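Numbering (this note's numbering), first residue to last: 15 to 341.
Encoded structure:
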């Protein structure tokens with residue numbers, strides 16, 4: 015026993031220091047992970063499923079420019095990137111401002127919000143928002159060089175509206191004006207702006223083409239607000255779905271869908287496009303399913319309808335663009 019004790023006492027106690035194996039492994043693992051979790055959180059906050067709302071108007075606007083004989087790939091690409099960065103910046107703004115206003119609570123039924131979940135700090139999200147809008151500004155500078163000062167007005171108004179949707183002293187989304195914001199900026203402004211930077215003029219076709227895109231983009235918001243109306247009401251977010259309830263939201267959705275599907279036959283009847291312009295009518299079953307889901311479902315089950323509304327917008331836009339190109 016004495017020998018054993020002496021031996022134990024004599025044996026140097028193992029200490030974990032800089033040269034030992036276990037702690038450094040943990041440190042290296044954290045180092046390897048590094049910024050990856052934060053980047054994944056920003057990817058989550060960018061809400062990829064909403065990005066068709068930025069892609070669709072540029073696709074349709076570029077097809078309209080093509081049909082008018084003036085498609086230009088450089089300005090079209092810059093318009094696409096600018097629209098995507100504005101959409102991402104707006105999503106980042108929504109993430110942080112909704113958190114600060116108390117709209118994102120534990121009762122939220124929508125996708126995880128990065129700031130509310132503690133994945134990203136408010137300061138980090140504000141920095142991400144600034145970077146996204148700065149990248150959009152760079153695209154805008156190129157387009158200003160191509161198409162002149164009207165692009166400045168479009169860009170400044172789009173970024174300001176993206177911030178004002180949930181931020182500032184009078185957030186649009188909290189006062190029932192979000193639907194107008196989406197229809198104007200993701201429909202009229204985005205489609206017409208895309209046409210203008212390529213043609214340097216604004217034909218009537220640009221405005222006609224903007225109507226269905228704006229309508230279907232707004233339909234995404236209607237489904238979102240219908241799903242969130244109970245928690246939005248508690249947070250003081252007075253969306254149209256909160257003000258007028260399910261019935262009002264379903265009526266609004268029906269009118270938006272009707273407007274989208276009336277435009278192709280009208281363009282055909284006016285002689286502004288050929289028979290191919292009716293290709294988007296192939297998506298009517300999807301629109302009907304979306305309307306049925308809005309009438310029947312509530313809360314979290316509407317997440318599937320929300321994803322379906324984004325798919326409908328993108329598919330409609332691709333078919334509409336194809337109809338314009340095919341003539």
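We put the CB at the ideal spot given by N, CA and C, even for glycine. None of these values were measured; they are calculated from a predicted model.
Checklist entry - Where does the unbroken alpha helix (DSSP H) through residue 228 begin, and where does it stop? => result Here residue 228 corresponds to residue number 214 of the chain shown, with the count starting at 1. Under the DSSP assignment, residue 228 falls in the alpha helix (DSSP H) whose first and last residues are 218-249.
Checklist entry - Looking at the structure shown, is residue 273 part of a helix, part of a strand, or coil, going by DSSP? => result Against the chain shown, residue 273 aligns to sequence position 259. In this structure, residue 273 counts as helix in the three-state DSSP scheme.
Checklist entry - Rounded to whole angstroms, how far is the Cβ of residue 281 from the Cβ of residue 291, which I believe are closer than 8 angstroms? => result On the chain shown, position 267 is the one that residue 281 refers to. On the chain shown, position 277 is the one that residue 291 refers to. So it is a contact: roughly 5 angstroms between Cβ atoms.
Checklist entry - Buried or exposed: which applies to residue 73, given that a residue is buried once 16 or more other Cβ atoms fall within 10 Å of its Cβ? => result Walking along the chain shown from the start, residue 73 turns up at place 59. Answer is buried; the Cβ neighbour count reaches 16.
Checklist entry - Among the residues of its own chain, which have a CB less than 6 angstroms from the CB of residue 149, if the five just before and after it don't count? => result Sequence index remark: in the chain shown, residue 149 carries index 135 (1-based). If we look at residue 149 and ignore the five residues flanking it on each side, its Cβ neighbours are 99.
Next on the checklist: List, from N- to C-terminal side, the alpha helix (DSSP H) runs of 4 residues or more that fit wholly inside the stretch 110-167.
Outcome noted: The DSSP assignment places 136-161 as complete runs of the alpha helix (DSSP H) inside the stretch 110-167, in order along the chain (cut-off: 4 residues).
Checklist entry - Considering residue 290, what are the terminal residues of the alpha helix (DSSP H) in which it resides? => result To locate residue 290, count along the chain shown from 1; it is residue 276. Looking at the DSSP string, residue 290 is not in any alpha helix (DSSP H), and its letter there is neither H nor E.
Next on the checklist: Less than 9 angstroms between the C-beta atoms of residue 313 and residue 123, yes or no?
Outcome noted: By 1-based counting over the chain shown, the position of residue 313 is 299. By 1-based counting over the chain shown, the position of residue 123 is 109. It is a contact, given that the beta carbons lie within the stated cut-off.
Checklist entry - So, helix, strand or coil for residue 85, using DSSP? => result Within the chain shown, the letter at position 71 stands for residue 85. In the structure shown, residue 85 sits in coil (DSSP, three-state: anything other than H, G, I, E or B).
Checklist entry - Could you give the distance in angstroms between the alpha-carbon of residue 325 and the alpha-carbon of residue 66? => result In the chain shown, residue 325 corresponds to position 311, counting from 1. In the chain shown, residue 66 corresponds to position 52, counting from 1. The straight-line gap separating the alpha-carbon atoms of residue 325 and residue 66 is approximately 8 angstroms.
Checklist entry - Taking residue 58 as the reference, which of 85, 103, 95 has the closest Cα? => result Counted from its first residue, the chain shown places residue 58 at position 44. The shortest C-alpha separation from residue 58 is found at 103.
Checklist entry - With DSSP run on the structure shown, which of helix, strand or coil describes residue 341? => result Within the chain shown, residue 341 is the residue found at index 327, counting from 1. In the structure shown, residue 341 falls within a coil segment according to DSSP collapsed to helix, strand and coil.
Checklist entry - So what's residue 215 in DSSP terms, helix, strand or just coil? => result Within the chain shown, the letter at position 201 stands for residue 215. In this structure, residue 215 counts as coil in the three-state DSSP scheme.
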